[in-house]
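Worksheet: the structure to be examined is printed underneath.
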Amino acid sequence: MEKNQLFETVIEDMNEEGEGIGRVNGYTLFVKDALIGDKIRGKVIKIKKSYGYGKLLQILEPSPFRTEPLCPVASPCGGCQLQAMSYERQLQFKENKVRSHLVRIGGFEKETLPMKPIIGMEYTEERGPFRYRNKGQFPFGRGRDGQIIYGFYAGRTHSIIQTEDCFLGSPVNRRVLETIRLFMEEYRISPYDETAHQGLVRHVLIRIGYHTGQIMVCLVINGSQLPYSSVLTERLMEIKGMTSVSINLNCRKTNVILGERIEVLAGLPYITDKIGSLTYRISPQSFYQVNPVQTEKLYEKALEFAGLTGQETVWDLYCGIGTISLFLAQRARQVYGVEIVPAAIKNAKENAALNQIQNAEFFVGKAEEVLPAWHRDHPEETADVIVVDPPRKGCDEALLHTMAQMAPKKIVYVSCNSATLARDLKALCSVGYCLEQVQPVDMFPMGVHVETVVLIQRKDT
Ligand code: SAH
4 MEKNQLFETV
14 IEDMNEEGEG
24 IGRVNGYTLF
34 VKDALIGDKI
44 RGKVIKIKKS
54 YGYGKLLQIL
64 EPSPFRTEPL
74 CPVASPCGGC
84 QLQAMSYERQ
94 LQFKENKVRS
104 HLVRIGGFEK
114 ETLPMKPIIG
124 MEYTEERGPF
134 RYRNKGQFPF
144 GRGRDGQIIY
154 GFYAGRTHSI
164 IQTEDCFLGS
174 PVNRRVLETI
184 RLFMEEYRIS
194 PYDETAHQGL
204 VRHVLIRIGY
214 HTGQIMVCLV
224 INGSQLPYSS
234 VLTERLMEIK
244 GMTSVSINLN
254 CRKTNVILGE
264 RIEVLAGLPY
274 ITDKIGSLTY
284 RISPQSFYQV
294 NPVQTEKLYE
304 KALEFAGLTG
314 QETVWDLYCG
324 IGTISLFLAQ
334 RARQVYGVEI
344 VPAAIKNAKE
354 NAALNQIQNA
364 EFFVGKAEEV
374 LPAWHRDHPE
384 ETADVIVVDP
394 PRKGCDEALL
404 HTMAQMAPKK
414 IVYVSCNSAT
424 LARDLKALCS
434 VGYCLEQVQP
444 VDMFPMGVHV
454 ETVVLIQRKD
464 T
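Quick note, the sequence shown lines up with residues 4 to 464 if you use the working numbering.
What follows is the structure in structure tokens.
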């Protein structure tokens with residue numbers, strides 16, 4: 004194979020990023036936008052030793068799983084990788100991904116894997132599994148003619164794909180973003196230019212409470228103040244539901260979206276939302292699951308797996324604003340939550356009070372430091388259940404080690420990355436735990452990521 008060579012192939016599989024995998028004379032090619040089952044014509048664009056990348060030129064015979072994407076920029080935008088695939092097939096893709104990680108990385112037997120079918124999102128004919136996201140982070144920049152644009156990054160790059168309306172998010176986003184864009188044009192406020200590290204407005208974060216309709220807007224700026232901010236806040240506060248307008252200061256040369264300082268320009272420093280019967284305060288820096296409908300199902304599963312009777316001591320590691328902790332506290336004797344972001348722990352404490360929950364205590368810090376220190380200082384105290392919900396990189400080894408030492412009867416592992424999940428489960432199952440239940444949940448329709456909740460149990464229980 005060589006660069007620019009034309010080829011024809013049938014896509015046999017898809018990789019984790021949702022790219023089609025085809026073979027030409029035994030050589031593997033990854034082709035973006037090609038779906039399993041497509042017969043395609045393409046051009047080789049990159050060659051490596053054992054595989055290469057192809058560009059899709061023409062679909063000769065479409066896959067039976069193909070559907071018309073709703074969004075005009077579904078292909079260039081990095082947000083949706085699977086929009087051209089039927090939702091049923093997307094769910095299968097995600098189940099396969101979890102299964103394959105557990106078998107390949109975790110070393111579990113495929114035939115005896117205790118895995119349930121994925122919990123997909125319910126939808127209607129008129130309204131597919133779209134518009135589910137309660138949060139968007141929109142980069143601002145300049146278009147070809149120097150006009151101010153906003154949108155999403157293209158896959159794997161930082162060029163902004165102009166997006167007027169994203170079908171994963173709320174239609175209100177557009178009104179908010181247009182208000183900000185027009186204000187910026189009018190008052191000559193510059194968007195941030197990543198290469199030159201110049202310009203003011205980097206990102207706009209919008210979050211909407213699904214059950215309350217409360218809206219939070221946070222402008223991430225490369226500076227210490229937003230000129231004419233009172234004009235903007237006045238305009239934004241006219242939007243129904245607007246509850247919190249703030250700026251976040253981020254003057255660093257970094258890919259990380261949020262900086263450390265937040266200043267409230269109007270309204271409250273948080274919005275409020277509900278999950279099940281509980282009420283939660285969420286500030287801009289705090290993590291909050293993006294798909295509220297599916298979150299409820301995920302947490303119910305976590306609660307079911309924890310199997311609480313009211314007598315247990317439970318740890319909720321990586322607890323964010325205490326969402327899972329407070330769910331669990333209603334059925335446990337005592338819950339401890341640990342989270343690295345101070346603003347989230349502040350929310351967690353407020354949330355316990357807001358819901359009149361007295362048996363939940365929260366600690367700021369790294370789970371891999373707080374839990375070992377606690378265990379060292381309180382060797383006589385046991386944990387019955389430990390829940391972990393780490394970011395994509397999974398749990399730190401020091402944490403896994405302490406968890407094994409504390410030897411709770413049950414560990415409930417909530418994961419947004421089944422590869423690191425499989426790695427960590429392998430470690431825990433080699434020190435006395437047994438894989439009991441695996442439940443994938445589709446939190447991200449149209450995207451390639453998948454959430455999974457797992458129950459492992461101590462072998463002697
Ligand atoms: N369980 C929560 C949050 C899960 S997201 C929920 O469902 O809402 C993962 C959380 O882990 C984030 O809030 C992140 O800030 C936090 N985090 C990341 N690294 C951490 C670490 N080393 N120790 C503790 N918390 C961490």
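Cβ coordinates follow ideal geometry from the N, Cα and C atoms, glycine included.
On a Cα-Cα basis, can you pick out the residue from Phe133, Arg264, Leu374 and Glu315 that is closest to Gln297? Phe133
Compute the distance between the beta-carbons of Tyr153 and Arg184, then report whether it is under 8 Å. yes
Go ahead and pull the three-state DSSP assignment for Ser247. strand
Run the proximity test for Gln61: is its beta-carbon closer than 7 Å to any non-hydrogen atom belonging to the ligand SAH? no
Same chain, Cβ closer than 7 Å to Ser89, neighbours up to 5 away in sequence not counted: Phe68 and Thr70
Output yes or no for whether 8 Å exceeds the beta carbon distance between Val441 and Lys46. no
Does the beta-carbon of Arg159 have 16 or more other beta-carbons within 10 angstroms, so that it is buried, or is it exposed? exposed
Sequence-distant residues of the same chain with beta carbon closer than 6 Å to Pro393, five excluded per side: Tyr321
Pairs of beta-carbons, one from the stretch 69 to 83 and one from the stretch 396 to 412, closer than 8 Å: are there three or more? no
Under 8 Å between the Cβ atoms of Ile260 and Tyr291? no
Identify the continuous alpha helix (DSSP H) that holds Phe330 and give its terminal residues. Thr326 to Ala332
Rounded separation between Pro287 and Gly216 - CA only: 16 Å
Cβ-based burial, Arg130 [other Cβ within 10 Å; buried from 16]: exposed
In terms of alpha-carbon separation, which member of Cys437, Val390 and Gln93 lies closest to Thr115? Cys437
Between Arg178, Ile278, Ile265 and Val267, which lies nearest to Lys243 when the distance is taken from Cα to Cα? Arg178
For the stretch 343 to 400, list the alpha helix (DSSP H) runs that are entirely contained and at least 4 residues long, ordered along the chain. 345 to 357 and 370 to 380
If you compare alpha carbons, which of Leu301, Tyr302, Phe330 and Ser103 is closest to Gly313? Phe330
By the 10 Å Cβ neighbour count, where 16 or more other Cβ atoms means buried, how is Tyr190 classified, buried or exposed? exposed
Quick check on Ile183: does DSSP put it in helix, strand or coil? helix
Between the C-alpha atoms of Gly123 and Leu38, what's the straight-line distance to the nearest angstrom? 20 Å
I'd like the span of the beta strand (DSSP E) that includes Tyr30, first residue to last. Tyr30 to Val34
To the nearest angstrom, how far is the alpha carbon of Tyr195 from that of Thr257? 12 Å
In angstroms, rounded to a whole number, what distance separates the CA positions of Pro448 and Gln93? 8 Å
Alpha helix (DSSP H) segment containing Asp168, residue limits: First-last for Asp168: undefined, no H or E at that position.
Mind checking who Met219 pairs with in its DSSP beta bridge? Arg210 and Ser247
Phe10 - containing beta strand (DSSP E), residue span: Leu9 to Val13
Hey, out of Glu5, Val444, Phe10 and Ala407, whose CA is closest to Leu59's CA? Phe10
Nearest-angstrom Cα distance between Met240 and Leu281? 27 Å
How about Gly154: is its Cβ closer than 7 Å to a heavy atom in the ligand SAH? no
Cβ-heavy atom distance between Tyr291 and the ligand SAH below 7 Å? yes
If we count the other Cβ atoms within 10 Å of its Cβ and call it buried at 16 or more, is His206 buried or exposed? buried
Excluding the 5 residues preceding and the 5 following Ala305 in the sequence, name in chain order all residues of the same chain whose CB lies nearer than 7 Å to its CB. Ile327, Val390, Val415, Val417 and Val456
Starting from Phe155, trace the beta strand (DSSP E) in both directions and tell me its first and last residue. Ile151 to Tyr156
Taking the beta strand (DSSP E) that Val1 falls in, what are its first and last residues? Only positions 4 to 464 of the chain appear in this structure, which leaves residue 1 out of reach.
Glu299: first and last residue of the uninterrupted alpha helix (DSSP H) it sits in: Pro295 to Ala309
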